[in-house]
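Quick look at the structure:
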């Protein structure tokens, strides 16, 4: 294959692979093919740009003669992937004394020289790389001198450049262009640019192509301006005109202010739709065509020159997670995407934000002000004005709303602690907005009509009302409304596109998605998320319910076996009732119940006063309660008498739980006629023999219950693999297990020697300093925990190929971890109900990725 | 090769491999070769015995005609390995009415019938397997009837047998013999015998050979009796006559009592040496010859028949650990063993007991009584009379001496808690003696002249003095003396054979043995044990010394960096002084110093009262101390802010420690002219980046100290591999490490998810129930922890073949774990000073085993 040329003209038929000519070139080629009005342009290859940076030759002869008839050109970045960013465009190349004179004929001398001045400044800074401070000093001095004309200013700027460069300001357009290309190429090669793009995920060898594009300047007196338009809502994804338009000609030439328009009609100010309705409608039509040819919702960068519309670029439309789903669902409806492609387009994590709460739409609200809705969902809380105050409030378990002029990385910890964010400044892509969306926090930005006094901790509303620290407010990040007081918030509405989209995941995913559910109430909620069963029912949570705790404590404080048995007898019907409800709700879906796991001392009160109260309530000597609590205290409860160790030491507990499971399952099966398939999971196993012993006790109880109920139950016994030893010995454990479920929380804790509860103090610093590439409790550490999982899977399957393998624990809701589970060949993941949508999408994507479908 | 015959005569030249004819047959063959007087005997093969048990044919025709001229024969067990035990011997086969009549002519009717009676009873029980209770009832009734002669009793017994067997008592000697062989073979095949021998370590297919041996009965009136003799002390191993002799003829024939003799002269009673000096001297001479032919110190089982000495067997002489060493050292001196063989003969664990303390031999002592010295060493403490009381005392950290009539398995926990054991009953192989030797506890048994009232918790001494619970006594388990009061005890004397023996280990072992040493005082002690360096210096212990704790606490409670730096500056000279002393003592041997590991809150007082005192002492607000302590509290300190996490979070601490190490090393190197090679070890690593960061700080400090002192230090930086993740990522960690040292205590805790501190509550039950085959904190779990070690070694060596690999932690003193280290190719183990002798021997044995030398 012949090497691709250093430069090609961007046309409808040109071959413009992104790795050579940048993503933008391809887009422009497609837009041309769709007959959109794109100004003439040339793409310089990544390879040629690299050579330009080092001074090696590149064949750019295609550019010869482009500066005919006073045309001006721009140099625009075209990195291989758009998200990497890069040097900003250099505009109006070809502006010289001669071109300025020609321009003056069309637009008048003052305007022409204003343009010329701006070009010289931009060229001096971006191309000649002159000192910005010196230049700004000069400009400041000149502008202050109100008597100076733009022509005089231009002269001063040219002199300044000549002094600084020790040669005349280039009056040959081709020299300007070549210098601009070389300067841009070098900037990309520089360290600052590299660090910036690497922070955005660019690889070390990321390449930049450049586009030389006609400025398409209209010289008439007609409508002129530049803008950015998208026809879907950033927040909701629903159709609507959004964007900005900077109208030229009306503006104050000296300050650069004025001429700012909304795109569509807006009560807050003038809009393109009103000012130039024809242009607006054309733009709408062009965007619709671009959406088809780009196969996605786009934002058009456009210019209007003497009433003529030019499309300079079409980028992916900015979108919240909710909008992303809405957009792809509509793309599928419109026949533009197929479902698999649609699923690959949405980052699973973004679904979380859709699960946020909302302000009750029917409630009467006092809206204090409305600003930019930057991250959806609603939150109420007390006002705080600093990150530290937010953290303090969170430590007191008080909900708070963090208000700042604007946020910066130093505020991140405070943002984590807040329930919502409100900023006076910034837009939809401001720091606050971006971070809040990442955190799934409701956020409103650009609330310019409130006055914030951070020092005095007061905000003054447009009507003069003052709110101080501690006052309650509510944010609606979906509508942008700041609302007085704490409002009743309703749970998220997951109907519509969300459910349509999620249902598609089930067509493609090969892994089950179960929920971690502790109570019947949780199970009801989880069922609404379209899960495949319960992957982890932590029975201990049932004992914390009022009334049960007493019986539990009696069991723990029992003096002898008789007392203990009596207390267990009282707990049995309560557990049975829970399980009956659970099995009924789950209607035949698998329900995996973990036998009691936490150390028993967790059920005892912690303070002496509470223990005193307990002793009185139970009519026990205080000394006995205290002595028992002291006996049971542990240095490292995580590594102590819990899980199966408890099951072997106080076997009555597991016997009671097993009986409750079997009796409940038998009752529901008999009543409903539907087969109930309980799974019993043994926690914290470190040795095979533990499994054998517990399993044989389970079998004994099973036989007893079968005899008394006459119901045959199709139950399964398995092991929660959460110690490194259990993972390494999975082959042996598999002999006695019908399923293994990886408890990656504890497995991570033990593999790292790191308690999650205690790691909080330094985890953020660790991740920030790159000691850990990411928090291993958020995403499974592939290097070591992943290896243990892999070894366990291999060894278990070698012994029992049909063994059922799952993962329970919050990693089940992390997309990267779900992908790892798919790679490992697990059969299901299980996570908290609210994370199951993420898991379903991640599982679908993982399956599609395995099948060769690539993500966005 | 032709199959070995079912039976062979035991002769000097016979081929008698132990796997076919039992260990004893080989011994007898060798004794015959050495011309010892061994009665004629035949060995029946393991294979033939198996057939006898099932009734399948075996060719025993060699036995035809052995019952000529009234000879009596015995059937004795000969398992493949002596330690497996087995059915007891059946004696005097061939005793019939006729034989009894013949015997009566020689020894008189009463004596002959007495013999006959005893044979019938033994045959009825061991061969005919009649009901023991019925038989004993009869015997009791008969003996109570004083008028009955032994002849009448014999008749009664024969009738009883005939009734029970429904056939006459066999009067054909050959029938008696065949029945005895079959019965013994069947007993070995039975479940009880299998369980018993498996408890002694026998494999499932353990085989038993049988020996048919002439009773060599002398019919004259000369000296007659049976005995067991060994000519080395059980306790010390030093030469001396020990054993017992049961003299026949003088005894009260009816009761079976009397005739008991010591072997050598003894103030407590008659002895063989006095009663039959010629026999005694012959026995001495025979034992010396047996020692040579068995290549070990032996105990001779002998009989004297009408003045003629017969050797029935030569077993390994009973020996304490100390005796074992003494014995093999003498065997080497006498040219009987080479050093390698000698090293393989001593179980490493037995060395521990030699390291016990002793009563100061020059102190004036009030010896209350003297009894059997059953386990060496001395101990002082308060008297307790039950296992529970011993445990209670231990819980209070009070030393106690457990006194019992005799001990049983229920007492084991109490024995663990006691400092020494005293029993009223039992001998050198009693339960108390065996267990105490295993535990390395001083023990005195058979103190029959004290009267123990367990219920009233009082002992009455021979002179009427009473001691009650709580009174102080001292035991000298080496001499058997019970001494009044708590005595000053001196540290063990490790001169003589012990040191000779240990020095031999250094000729063979290929792994280094280092000591875990925390202070200069420890280092001085460790040097006396012939170690190769310090494998682990836990610097935190230095901070607990008075005066330093204050500076440490100031550092912890520092409000800002300046305060912290000031406190660290005060700690620097203290650490430096410690390290200087350490480097001086170790005189150029490697010293591996672990940077601070425990969480800082361990240095703060634990109770509010103590914290109050601290606040006052430091002139700090109490609230600050309390708040700081609360801040620092952790749920699972083992998995929290400790080790390298501390090093990254409060880098000043490691900087200070590193500086102290380098400054101290430079000073000692300059002063002594000897190269000092400090090793700096980073604890609790879980990610490679942790190592990189700490290492670069160490390098910076190193450069600074080199500049200021002008000394070039040959230091090394390494990692303590103690998290599963560090083990799995050892390849990456090796890039930045000059050595890896496995911290198998923590590695075991994390692999099992089990805190050693909290496991005590159930570990014993777990091991007892076989949930864990043994306590993984005592001996490395080969299955999982071992796999992690293997992976780490492979991965580290793949990256850096020359990397130094060691193990620190108490597993370094466990022989099985040391053997594992040898298999893994580690370069050294390190354990507490008192365990280094065990480690040296274990390492030598492991190296010899690798080289093909087999253990005892």
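Residue numbers (the working numbering), protein chains in the order written: chain A, 1 to 856; chain B, 1001 to 1856. The beta-carbon is built from N, C-alpha and C at its ideal position, and this holds for glycine as well.
Going by DSSP, residue 1039/B is part of no beta strand (DSSP E) at all; its letter is neither H nor E.
The region 299-313 of chain A makes contact with the region 24-37 of chain A; the number of CB pairs closer than 8 Å reaches 3 or more. Excluding five sequence positions before and after residue 1177/B, the CB atoms of its chain that fall closer than 6 Å to its own CB belong to 1093, given in chain order.
Residue 1147/B: not part of any alpha helix (DSSP H); DSSP gives it neither H nor E. Contacts with chain B at 7 Å (Cβ-Cβ) include residue 636/A. Residue 17/A has a beta carbon lying at 7 Å or more from every beta carbon in chain B. Legend: CB atoms of the region 1757-1781 of chain B lying less than 8 Å from CB atoms of chain A belong to residues 1757, 1758, 1759, 1761, 1762, 1765, 1766, 1769, 1770, 1771, 1772 and 1781.
When Cβ pairs closer than 8 Å are counted between the two stretches, the region 133-150 of chain A is seen not to touch the region 40-60 of chain A, the count staying below three. The residue from 1644/B, 1615/B and 1465/B with its alpha-carbon nearest to that of residue 1598/B is 1644/B. The alpha helix (DSSP H) runs of length 4 or more contained entirely in the region 1317-1361 of chain B are, from start to end of the chain, 1321-1333 and 1339-1345. Contact check between the region 366-381 of chain A and the region 480-492 of chain A: three or more CB pairs, one atom from each, fall below 8 Å, which counts as touching.
With 16 or more neighbouring CB atoms inside 10 Å of its own CB, residue 1173/B falls in the buried class.
According to DSSP, residue pairing for residue 475/A in a beta bridge involves 379/A and 482/A. Here the C-alpha atom of residue 1051/B lies approximately 11 Å from the C-alpha atom of residue 1208/B. Contact of residue 1789/B with chain A is not assigned, every C-beta pair being separated by 7 Å or more.
Against chain A, the beta carbon of residue 1607/B has no neighbour under 7 Å; the closest one sits roughly 13 Å away.
Buried is the label assigned to residue 1832/B, since at least 16 other Cβ atoms lie within 10 Å of its Cβ. Within the region 1699-1762 of chain B, the runs of alpha helix (DSSP H) at least 4 residues long that lie entirely inside it are, in chain order, 1724-1728, 1730-1734 and 1744-1752. Between residue 244/A and residue 259/A, the C-beta gap is not smaller than 7 Å, which leaves the two residues out of contact.
For residue 1652/B, the uninterrupted alpha helix (DSSP H) segment begins and ends at 1651-1672. Straight across, the Cα-Cα distance linking residue 1815/B with residue 1851/B is about 17 Å.
Annotation: Cβ neighbours of residue 729/A in chain B (cutoff 8 Å, chain order): 1783 and 1784. The beta carbon of residue 1750/B falls within 7 Å of a beta carbon belonging to chain A, placing the residue at that interface.
For the region 1715-1740 of chain B, the residues whose beta carbon sits under 9 Å from a beta carbon of chain A are, in order, 1722, 1723, 1724, 1725, 1726, 1727, 1728, 1729 and 1732.
The beta carbon of residue 1718/B sits closer than 8 Å to the beta carbons of 1592, 1679, 1680, 1681, 1682, 1737, 1738, 1739, 1740, 1741 and 1804 from its chain, once the five residues preceding and following it are set aside; these are given in chain order. Against chain A, the beta carbon of residue 1693/B has neighbours under 8 Å at 769 and 771, listed in chain order. Classified as exposed, residue 105/A has fewer than 16 neighbouring CB atoms from the shown chains inside 10 Å of its CB. Within the same chain, Cβ atoms closer than 6 Å to the Cβ of residue 653/A are found at 596, the five residues on either side in sequence being excluded.
Closest option to residue 512/A, judged by alpha-carbon separation, among 669/A, 67/A and 841/A: 841/A.
DSSP places residue 65/A in the coil class of the three-state scheme, outside both helix and strand. The shortest CA-to-CA distance from residue 157/A to any of 435/A, 119/A and 302/A is the one to 119/A.
Closest in alpha carbon position to residue 424/A, among 461/A, 642/A, 648/A and 456/A, is 461/A. Listed along the chain, the chain B residues whose CB falls inside 8 Å of the CB of residue 746/A are 1753. Rounded to the nearest whole angstrom, the C-alpha separation of residue 283/A and residue 444/A is 29 Å. Contacts between residue 1687/B and chain A, judged by CB atoms closer than 7 Å, involve 771 and 772 in chain order. Residue pairing by DSSP puts residue 1468/B in a beta bridge opposite 1458/B.
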